[in-house]
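Chemist:
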Amino acid sequence: MVTVFDPTEALKRTSAVLLFKTSFFPTPELPPPPAPPPTLASSAASPAVLWERALASGDLSWSARGNVSALTQHCSSPCIEGMKDNLLLKRKVFKGRSPEAPLCRVFTRVSRQSKRPFSSSCVTLAGQKWRLENGLARGGSEYGPLTDLPDWSYTDGRPAPPLKGQIRRQKQREEFARRAVCLSAEVDEGMKRWQEKKEEKKQKEEHVKSLLLKPKGNVLLKNKK
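In the working numbering, the protein residues as written are 2 to 226.
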């Protein structure tokens, strides 16, 4: 015997069960929802005072954009007025929270017009050029009395012992000078070798050309006679 599923019969049974439950087990009444906390616009204090309190406590989790709008509209402070266009609200819904209660944070966005970029490269190049023209180093800390001489001296004129920084700089300069001389000698040797190879190649080409231009065959025999 094959049983055929009848969706109409199943729907009737489900409706009967629900009717039985609602008639004998009434649904309990839910308590009324709690009253929402007072917003910034509905508080008795002035918006400027509320703003200072919020900044002091660090609580900026306002759930409505209208609170900030009302705050900026009623405030006469130039600082708040200037921040009207720079207030940026970002809503974040954390896991476990309902979408009806998002967490809002207020971030101040600095305008690009308030930035004042400046460059000191022109001044640096001008000072560097002047120092090089007057026989000085490119920077004032490379060498000179303020860098090489000790920071103190004896009252009787005795030379003061060098400091650790002066000894370190002296060793670095010696190493740099030794390296510069070595590299300069290598460059000179390479240039000299390159010139020698160039001359050898030129002499070989001239020798080949001279061999090609010599008389051959009957012309050579006639010249010998």
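For every residue, glycine included, the Cβ atom is placed at its ideal position computed from N, Cα and C.
Count the CB pairs spanning the segment 149–161 and the segment 172–184 that are closer than 8 Å, and state whether there are at least three.
Modeler: no
Chemist: Quick check: the Cα distance between residue 217 and residue 201, rounded to an integer number of angstroms?
Modeler: Numbered from 1 along the sequence shown, position 216 holds the residue referred to as residue 217. Numbered from 1 along the sequence shown, position 200 holds the residue referred to as residue 201. Roughly 27 Å separates the two Cα atoms.
Chemist: My assumption, with CB atoms under 8 Å, is that residue 129 sits in contact with residue 149. Please give the rounded CB distance.
Modeler: Taking the sequence shown and counting its residues from 1, one reaches residue 129 at position 128. Taking the sequence shown and counting its residues from 1, one reaches residue 149 at position 148. About 20 Å; that fails the 8 Å criterion.
Chemist: Where does residue 191 fall in DSSP's three states?
Modeler: Here residue 191 corresponds to residue number 190 of the sequence shown, with the count starting at 1. Helix at residue 191.
Chemist: Taking only heavy atoms of the ligand SAH into account, decide whether any of them is closer than 7 Å to the Cβ of residue 187.
Modeler: The ligand content of the structure shown is nil, which means the ligand SAH is not present either.
Chemist: Run through DSSP, which three-state label would residue 150 get?
Modeler: The residue you call residue 150 lines up with position 149 of the sequence shown. Correct three-state label for residue 150: coil.
Chemist: Using DSSP with H/G/I as helix, E/B as strand and the rest coil, what is residue 9?
Modeler: As a first step, residue 9 is located in the sequence shown; it is residue number 8 there, counting from the start. Correct three-state label for residue 9: helix.
Chemist: Assuming the contact rule is C-beta atoms closer than 8 Å, residue 146 and residue 163 should be a hit. Round their C-beta distance to whole Å, please.
Modeler: Reading the sequence shown from its first residue, position 145 is the one you call residue 146. Reading the sequence shown from its first residue, position 162 is the one you call residue 163. Contact between residue 146 and residue 163 does not hold, since the beta-carbon distance rounds to 14 Å and is not under 8 Å.
Chemist: Could you have a look at residue 174 and say whether DSSP puts it in helix, strand or coil?
Modeler: Here residue 174 is taken as the residue at index 173 of the sequence shown, counted from 1. DSSP places residue 174 in helix when its eight states are reduced to three.
Chemist: In three-state DSSP terms, what is residue 276?
Modeler: What is shown of the chain runs 2 to 226, which leaves residue 276 out entirely.
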